[in-house]
Amino acid sequence: VVERLCAARPSFMSVTFGAAGGRDTHTADVAELIGRAGVTPLAHQTCIGSSRAEVAARLAHLRAIGVENVLALRGDLPEGVAAPPPDHYAHASDLVRAIKEAGGFCVGGACYPEVHPESRDSAEDIRRLKEKVDAGCDFLTTQMFFDNALFYRFLWKAREAGIGVPVVAGIMPITNGRQVERVRRLSGCYLPHRFMALVDKFGDKPAAMEQAGVAYATDQIVDLLASGVRAIHVYTMNKPQVAEAILRNLSEILAAEA
């Protein structure tokens with residue numbers, strides 16, 4: 114998967130930390146492999162399930178293998194763990210501050226165009242995001258969204274609040290019907306009628322659903338590029354064929370952007 118994705122020459126490749134709340138096992142190994150292939154790796158680091166010493170050890174290891182970019186996330190408790198360690202970093206902003214103090218890393222943070230599930234409203238969400246940026250975030254990357262208008266509205270609110278760091282738009286190609294329920298459960302994001310119509314029509318036809326999902330994601334990306342958004346992160350979910358199909362659809366557009 115890494116070999117095929119690196120062949121597409123992305124600006125960076127993101128490596129998750131303990132997907133679905135599991136323990137980190139191979140994040141640093143995969144990040145190092147990506148770096149050796151000539152692509153910049155972005156290693157995720159979570160904090161709620163780790164002690165401060167464990168976080169420090171992971172950062173030292175990443176630094177030793179030449180990984181300079183970290184996405185700082187609060188994360189979820191690993192499965193079977195009832196409570197975080199007593200000395201954990203409670204919030205992503207605390208982790209961001211610790212990483213910046215450690216030095217040597219470009220630090221990213223997450224943002225939510227449709228408001229973080231634990232925020233009361235958009236105003237509180239933007240205020241907390243500003244705290245995270247003030248703690249040292251060099252850039253932000255968004256949770257997935259399926260309606261670009263939500264992203265543009267969020268970006269306007271963030272800029273109005275004085276958040277000036279680059280914001281990377283996160284696009285998730287839905288390539289099978291089963292992903293829809295998981296997306297709803299994990300992110301709670303809005304799914305437009307035209308997107309759900311696509312799922313209802315092709316969700317039980319795997320090849321057609323993959324093609325339709327790629328087409329929908331491509332349409333989102335074309336609109337983002339036409340609106341001046343230059344930083345886009347495609348959640349490939351370890352499916353290189355999806356990334357390759359999107360790139361084929363965008364070949365002349367990306368050439369014009371170069």
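According to my numbering, the sequence shown is numbered sequentially starting from 114. Beta carbons are placed, not taken as given, at the ideal position from N, Cα and C, and that holds for glycine. What you are looking at is a predicted structure, and each value in this text was computed from that prediction instead of being measured.
If distances are taken between C-alpha atoms only, which option among the options comes closest to residue i?
i, options, result
"Val327", "Asp317, Gly341 and Leu311", "Leu311"
"Cys224", "Glu244, Ala320 and Ala368", "Glu244"
"Gly151", "Ala177, Gln158, Ala169 and Leu118", "Leu118"
"Val246", "Ala236, Pro226, Arg210 and Pro230", "Arg210"
"Val168", "Leu208, Glu192 and Gly193", "Leu208"
"Gly277", "His306, Ile239, Gln292 and Asp313", "Ile239"
"Ala330", "Arg361, Tyr303 and Ile287", "Ile287"
"Asp313", "Gln292, Ser300, Gly301 and Arg298", "Gln292"
"Gly221", "Gly249, Ser124 and Arg307", "Gly249"
"Val355", "Ala320, Glu365 and Glu370", "Ala320"
"Glu370", "Ala358, Val335 and Glu357", "Val335"
"Glu237", "Lys318, Glu294, Val143 and Ala274", "Ala274"
"Gln324", "Ala358, His306 and Glu116", "Ala358"
"Glu214", "Leu172, Pro199 and Ala144", "Leu172"
"Pro170", "Trp269, Glu294 and Ile212", "It should be pointed out that residue 170 corresponds to Ala in this sequence rather than to Pro. The candidate whose alpha carbon is nearest that of Ala170 is Ile212."
Put residue i into one of helix, strand or coil per three-state DSSP.
i, result
"Cys119", "helix"
"Gly326", "helix"
"His306", "helix"
"Thr254", "strand"
"Leu363", "coil"
"Leu186", "strand"
"Ala369", "helix"
"Ile287", "coil"
"Ala77", "The chain is shown from 114 up to 371; residue 77 falls before or after that span and cannot be answered."
"Pro276", "Contrary to the premise, residue 276 reads as Ile rather than Pro in this sequence. DSSP places Ile276 in coil when its eight states are reduced to three."
"Val335", "helix"
"Val342", "coil"
"Ala356", "helix"
"Ala203", "coil"
"Val312", "helix"
"Val194", "coil"
"Val281", "strand"
"Val114", "coil"
Can you find the residues in the same chain that come closer than 6 Å, C-beta to C-beta, to residue i, ignoring five residues on each side of it along the sequence?
i, result
"Val114", "Asn351 and Pro353"
"Met285", "Met257 and Tyr348"
"His346", "Thr254, Val281 and Gly283"
"Thr140", "Val128, Phe130 and Ala156"
"Ser235", "Val228"
"Phe267", "Pro226"
"Glu365", "none"
Roughly how far, in whole angstroms, is the beta-carbon of residue i from the beta-carbon of residue j, given that I think they are within contact range, below 8 Å?
i, j, result
"Leu337", "Ala282", "6 Å"
"Ser333", "Asn289", "The residue asked about is misnamed: residue 333 is Gln in this sequence, not Ser. Incorrect: roughly 18 Å between the Cβ atoms, too far for contact."
"Leu146", "Asn182", "The pair is not a contact, with the Cβ atoms about 15 Å apart (cut-off 8 Å)."
"Asn157", "Ser127", "Reading off the sequence, residue 157 comes out as His, not Asn. Confirmed, Cβ separation roughly 7 Å."
"Ala205", "Ala185", "6 Å"
"Leu242", "Ala203", "Not really, about 16 Å apart at Cβ, beyond 8 Å."
"Gly148", "Gly193", "Wrong, their Cβ atoms sit about 32 Å apart, outside the cutoff."
"Pro363", "Tyr303", "Checking the sequence, you will find Leu at residue 363 rather than Pro. About 24 Å separates the two Cβ atoms, so there is no contact after all."
For residue i, which residues of its own chain have a beta-carbon under 8 Å away from its beta-carbon, when the five flanking residues on both sides are left out?
i, result
"Cys219", "Glu181, Asn182, Val183, Asp251 and Phe252"
"His201", "Cys160, Ile161, Gly162, Ser163, Ser164 and Arg165"
"Tyr265", "Ser340"
"Leu360", "Ala121 and Leu367"
"Gly216", "none"
Please go through the same chain and pick out, in chain order, the residues whose beta-carbon is closer than 7 Å to the beta-carbon of residue i, but skip the five residues on each side of it.
i, result
"Met322", "Thr288, Asn289, Gly290, Phe315 and Gly316"
"Pro279", "Phe252 and Ala344"
"Phe308", "Phe259 and Tyr329"
"Arg298", "none"
"Gly301", "Pro230"
Exercise. Please specify which runs of the beta strand (DSSP E), each continuous and at least 3 residues long, are wholly inside the stretch 121-184, giving them in chain order.
Key: 125-128 and 153-159
Exercise. Enumerate, from N- to C-terminal direction, the unbroken beta strand (DSSP E) stretches of 3 or more residues contained entirely within the stretch 205-251.
Key: 219-224
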